[in-house]
Amino acid sequence: MEIPDTADLESFAWLNIVGVDAWTPFTVAVTSMTVVGTPTYTGRYRAIGRKIEFQVSLISTVSIASTAGTTYIALPVTPAKGLAGWGSMQNQTTNVAVGACVVDITNSRIYLPALIASGNAFALFGEYEI
């Protein structure tokens with residue numbers, strides 16, 4: 009592929025074309041979540057410079073529930089640097105924020121906020137330094 013002289017090699021459009029910021033699927037490993045029914049977890053992440061952004065979908069045929077400080081998901085890429093990250097969980101069915109998540113860099117985990125049993129679909133977004 010020939011690169012035009014006017015190409016902005018730092019633009020999001022260019023990074024998209026060459027696949028630098030492409031999303032990569034990962035297997036979501038959840039610990040201590042109360043699940044009734046059949047769960048479906050999907051996740052994807054991308055590296056942008058020294059930062060990882062990730063998204064997770066959590067759905068069950070009946071319900072899921074989490075306990076703050078106990079229920080966590082393994083991060084898709086082991087953090088090598090940084091002191092903290094951040095995350096947020098949303099109810100995709102009601103379009104309401106569930107709460108902030110805690111990224112534990114030391115143990116490579118993101119802890120979910122408290123969630124009472126619900127059959128709704130949930131999504132999580134987070135980022136941290138690598």
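Using our numbering, the letters of the sequence shown correspond one by one to residues 9 to 138.
C-beta atoms are modelled at their ideal positions from N, C-alpha and C, and glycine is treated no differently.
Bear in mind the structure is a predicted one, so any value in this text is a computation, not a measurement.
query: What is the DSSP secondary structure of W94, reduced to helix, strand or coil?
result: strand
Counted within 10 angstroms of its Cβ, other Cβ atoms place G127 as buried (16 or more) or exposed: exposed
task: Out of G95, A76, A125 and P84, point me to the one whose CA is closest to F133's CA.
output: G95
- prompt: Should the stretch 113-126 be called in touch with the stretch 65-81, which here means at least 3 C-beta pairs below 8 Å?
  reply: Segments in contact, yes.
query: Out of curiosity, what's the CA-to-CA distance linking V110 and A131?
result: 15 Å
- prompt: If you drop the 5 nearest sequence neighbours on each side, which residues of the same chain put their C-beta closer than 8 Å to that of L91?
  reply: I113
query: Helix, strand or coil: how does DSSP classify N103 here?
result: coil
Range covered by the beta strand (DSSP E) that runs through P33: T32 to F34
- request: Please report how far the alpha carbon of G107 lies from the alpha carbon of M41, in whole angstroms.
  value: 16 Å
message: I'd like the list of long-range same chain contacts for R52, defined as Cβ closer than 6 Å, with 5 residues on each side in sequence excluded.
response: W31, P33 and Q63
field: Proximity below 8 Å, CB of I72 to CB of V43
entry: yes
- prompt: Skipping 5 residues on each side, what residues in its chain have a beta carbon closer than 6 Å to that of I67?
  reply: T48 and A129
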